[in-house]
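Numbering (the working numbering), first residue to last: -16 to 363.
All C-beta atoms in this analysis are idealised placements derived from N, C-alpha and C, irrespective of residue type, glycine included.
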Ligand code: SAH
């Protein structure tokens, strides 16, 4: 496989120097080293085509003084400097092309890229998301203020070059921050959201809500997590850290009822819309901190049968884990994107009446060091 020219500078793909087979072995050994004390680690699920899997691409703009033009790149993971990137082996090709068009159009419309040093300029970032199953594409233009000179002409030119774009949104981010999106937004074209299909269900995605970036592996991960729950149709299922409700909505036909909890307000709004979109009526969502919500449920004497949890990299809080033990579901299915916090949380749960049954890795992010894991736990 051809090596990426900027891989050392970019730092996004830490395993570039390994073949895909070696990458999988590396991840398998890593999981075994960290988790085999809890249960046997089954063979990691890899991809058949491990390139161009990312359905979400983001780029930062800056002024290239040497060539006197607007340039696009990614933040170097260590220094936060922008590294110029034209195309990337893990990103969707179509999304990459749109980023390049936005860059070129910014030059022809004389729209100034953001200047980090002085906190001036107009265009900061672009975020492109594509629904692999539906072909719908969202472009989010992130600007420093609400001003975007020749806004309408710019959007028209962009959509003329890429008729596949279904919506364009402007996000305003006035802060001196590395975060990409701001809080204020404005739809410039289309509905402001796109849809995608996962495991036979349709999902609406907003600019700011979480959506798995590798849909091929995501389907395998969700199926494995739902299979692990061994639902029969009579269970109450908790979907903690539910995002846009994906897992709970897919699992709902196999459960009596599902309750999802999620902190991000936009994601909860999407989750409610997604349940309706799929005609799923035995699910409801709560917006709030998962730990606090579960603690309140435990105080009310609720008794879920199965808890599915998919926390962010930081893992769960002790408050959350305590509440899990009080709620005492028969099964806990833990989906983790960080084996370090997973091991820490497994430590707690296995010391408090749970036993890990099976552990399996999923390679959601080929060429990077990241690995996703599904663990099934039972109450003892
Ligand atoms: N299960 C979903 C989302 C997983 S990502 C999916 O597969 O798509 C983790 C989610 O946890 C994010 O949506 C994030 O907004 C949410 N989150 C982060 N901290 C949280 C907290 N304290 N309480 C509830 N949800 C939280």
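- Note down the Cα distance separating residue 15 from residue 270, rounded to an integer number of angstroms. Here residue 15 corresponds to residue number 32 of the chain shown, with the count starting at 1. Here residue 270 corresponds to residue number 287 of the chain shown, with the count starting at 1. For residue 15 and residue 270, the distance between alpha carbons rounds to 35 Å.
- Measuring CB to CB, does residue 59 end up less than 7 Å from residue 68? Along the chain shown, read from residue 1 onward, the residue named residue 59 stands at position 76. Along the chain shown, read from residue 1 onward, the residue named residue 68 stands at position 85. Their beta carbons are not under 7 Å apart, which means residue 59 does not touch residue 68 by this criterion.
- Message: Could you tell me which whole beta strand (DSSP E) segments of length 3 or greater appear in the region 271 to 356?
- Response: 289 to 292, 314 to 319, 337 to 345
- Around the Cβ of residue 61, are there at least 16 other Cβ atoms within 10 angstroms (buried) or fewer (exposed)? Residue 61 sits at position 78 when you count from the first residue of the chain shown. It is exposed - the Cβ of residue 61 has fewer than 16 other Cβ atoms within 10 Å.
- Query: From residue -2 to residue 72, what distance separates their C-alpha atoms?
  - Reply: Position 15 of the chain shown holds residue -2. Position 89 of the chain shown holds residue 72. Going from the Cα of residue -2 to the Cα of residue 72 covers about 13 Å.
- How about residue 250 and residue 192: do their beta carbons lie closer than 7 Å? Indexing the chain shown from 1 puts residue 250 at position 267. Indexing the chain shown from 1 puts residue 192 at position 209. Yes.
- Query: With residue 239 and residue 217 assumed to form a contact (beta carbons below 8 Å), what rounded beta-carbon distance in angstroms separates them?
  - Reply: On the chain shown, residue 239 is found 256 positions in, with the first residue counted as 1. On the chain shown, residue 217 is found 234 positions in, with the first residue counted as 1. Sure, about 5 Å apart at Cβ, within 8 Å.
- Could you tell me whether any non-hydrogen atom of the ligand SAH is closer than 6 Å to the CB of residue 260? Residue 260 sits at position 277 when you count from the first residue of the chain shown. Incorrect: residue 260 has no Cβ contact closer than 6 Å to the ligand SAH.
- On a CA-only basis, which of 295, -12, 161, 86 is nearest residue 140? Give me that one, please. By one-based count along the chain shown, residue 140 stands at place 157. Of the candidates 295, -12, 161, 86, the one whose C-alpha sits nearest the C-alpha of residue 140 is 86.
- Query: Do you know offhand how far residue 220's Cα is from residue 260's?
  - Reply: Position 237 of the chain shown, counted from the start, is the residue given in the question as residue 220. Position 277 of the chain shown, counted from the start, is the residue given in the question as residue 260. Rounded to whole angstroms, residue 220 to residue 260 spans 20 Å at the Cα level.
- Message: Looking at the ligand SAH, does it come within less than 6 Å of residue 287, judged from the CB to the closest heavy atom?
- Response: Residue numbering aside, residue 287 sits at position 304 when the chain shown is read from its first letter. No - the ligand SAH has no heavy atom lying nearer than 6 Å to the Cβ of residue 287.
- Report yes if the C-beta distance between residue 237 and residue 204 is below 7 Å; otherwise report no. The sequence position of residue 237 within the chain shown is 254, counting from 1. The sequence position of residue 204 within the chain shown is 221, counting from 1. In this structure, residue 204 does not lie closer than 7 Å to residue 237 by Cβ.
- Going by CA-CA distance only, name the one from 115, 267, 352, 183 that's closest to residue 36. Walking along the chain shown from the start, residue 36 turns up at place 53. Of 115, 267, 352, 183, the residue nearest in Cα terms is 115.
- Query: Three-state secondary structure (DSSP) at residue 30?
  - Reply: The residue you call residue 30 lines up with position 47 of the chain shown. It is coil, neither helix nor strand.
- Message: Please classify residue 171 as buried or exposed, where buried requires at least 16 other C-beta atoms within 10 Å of its C-beta.
- Response: Counting from 1 along the chain shown, the entry for residue 171 is found at position 188. With 16 or more Cβ atoms within 10 Å of its Cβ, residue 171 is classed as buried.
- Report the option in 188, 81, 323, 227 whose CA atom is closest to the CA atom of residue 147. Sequence index remark: in the chain shown, residue 147 carries index 164 (1-based). The option with the nearest alpha carbon to residue 147 is 81.
- For residue 30 and residue 315, the rounded distance between their alpha carbons: Taking the first residue of the chain shown as 1, we reach residue 315 at position 332. Taking the first residue of the chain shown as 1, we reach residue 30 at position 47. For residue 315 and residue 30, the distance between alpha carbons rounds to 26 Å.
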